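Here the working numbering is used: the first residue of the sequence shown is 171, the next is one more, and so on.
A short worksheet on the structure shown next.
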Amino acid sequence: MASTFAGSQKLYETIISCGALATYLPAGELDVYKEPQVFYGNDAVFAKIVEYAKQTPSINTGIYYYEARDVVAEALRRVIAGADINGELQAAQQTLESIMK
């Protein structure tokens, strides 16, 4: 996988012509990424997307990242449906604390 998806600019040059855009940073140097796109008013949007990807900070996730994400997402769904936000945050906190024990 590393040698295919993280090492082959030729792959990205090929798949972009099929409409598959990747934000693999070295691919942004390919001429095909710099070509104007008619659909986007002849703007070189693929190059811009890769440029934006360079500015996206990476995050470090802990071992409970996915559990926390799911618990908070569920609490948010309930708040949107009309539940009390403070109660939902407290319940989410308690749930996560019990998971992390």
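Glycine included, each C-beta is placed from N, C-alpha and C at the ideal position.
Note that the coordinates shown come from a computational prediction; the quantities given were computed from them, not determined experimentally.
- A distance below 8 Å between beta-carbons, with the five flanking residues on each side excluded, links Arg248 to the following residues of its chain, in chain order: Glu258.
- Cβ contact annotation for Gln179 (same chain, cutoff 7 Å, sequence separation greater than five): Pro196, Ala197 and Leu200, in chain order.
- For Ile186 against Tyr203, the beta-carbon gap comes to about 7 Å, under 8 Å, which counts as contact.
- Taking C-beta atoms under 8 Å as the contact rule, Thr193 and Ala223 qualify, at a distance of about 4 Å.
- In this model, Ala238 and Val220 are separated by some 30 Å (Cα to Cα).
- Per DSSP, Gln225 is one residue of the alpha helix (DSSP H) stretching across Val215 to Gln225.
- Distance from the CA of Ala253 to the CA of Met270, rounded to the nearest whole angstrom, comes to 25 Å.
- Counted as a single uninterrupted DSSP element, the alpha helix (DSSP H) harbouring Gly257 occupies residues Ile255 to Met270.
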